[in-house]
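Be aware that the sequence shown starts at 112, since it is given in this note's numbering, and climbs by one per residue.
In what follows, a structure is listed as structure tokens, so that the remarks can point back to it.
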Amino acid sequence: MTRKLTGGCLCEAVRYVCQAPPKLTVQCYCRDCRKIGGTGHATHTVFAQEAFSLTGALTEYEKTADSGRTINRRFCPVCGSAIYHTRGGMKGLVVVRASSLDDPESVTPERAIYVSRAVSWDPVDPELVCFEEMTPQVK
């Protein structure tokens, strides 16, 4: 049996369960992730949408990324915690903010994306597989 991963927002109004192992964990250094997270990068963990269930209300913000694809970010309307996003071109997948996991140590980043946009005060881990821009799509 696969160990489930759980998480939620700061105020605990939103909770989720991931019933399958993650497909990938990445560190993203793009401008949007820096802006929405208030730091130098965001760590995202990708799960199959069918294995992801959530309770609580979310607010959604839609934006077109530099790839031209739409990203729909979901966050808690009470405390503002980023929970997950979906994006065009990644059908059937949810991209969970690793910081929202109850045990963020349960995932390990494998790749770094948009490293060409990293800020000098948040260095990229040289042990990760690095991409100057977006990684090839996850299936």
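Ideal placement from N, C-alpha and C gives every residue a C-beta, glycine not left out.
With 16 as the cutoff for other CB atoms within 10 Å, does residue i come out buried or exposed?
| i | result |
| --- | --- |
| T175 | exposed |
| T154 | buried |
| V206 | buried |
| S211 | buried |
| C251 | There is simply no residue 251 to check, as the chain begins at 112 and stops at 250 in what is shown. |
| A255 | Since the first residue of the chain shown is 112 and the last is 250, residue 255 is not available in this structure. |
| M112 | Confidence at M112 is low in this model, with a pLDDT of 42, below 50, so its placement is unreliable and the value that follows should be read with caution. It counts as exposed. |
For residue i, does the three-state DSSP call read helix, strand or coil?
| i | result |
| --- | --- |
| E173 | strand |
| C190 | coil |
| V137 | strand |
| D231 | It should be noted that the sequence gives Ser, not Asp, for residue 231. Note: S231 maps to coil in three-state DSSP. |
| S211 | helix |
| R180 | coil |
| V226 | helix |
Can you tell me the Cα-Cα spacing of residue i and residue j, whole angstroms?
| i | j | result |
| --- | --- | --- |
| G203 | H196 | 12 Å |
| R126 | P215 | 15 Å |
| E244 | R222 | 11 Å |
| C120 | I194 | 7 Å |
| S192 | F186 | 5 Å |
| G167 | P188 | 10 Å |
| E181 | M201 | It is worth fixing the name first, because residue 181 is Thr in this sequence and not Glu. Each residue's alpha carbon lies about 10 Å from the other. |
| I147 | T246 | 20 Å |
| F158 | R114 | 13 Å |
Since residue i and residue j should fall inside the 8 Å C-beta cutoff, what is the C-beta to C-beta distance between them, to a whole number of angstroms?
| i | j | result |
| --- | --- | --- |
| T117 | P133 | 13 Å between Cβ atoms; not a contact. |
Take every Cβ of the stretch 217-234, pair it with every Cβ of the stretch 127-147, and state whether three or more of those distances are shorter than 8 Å.
yes
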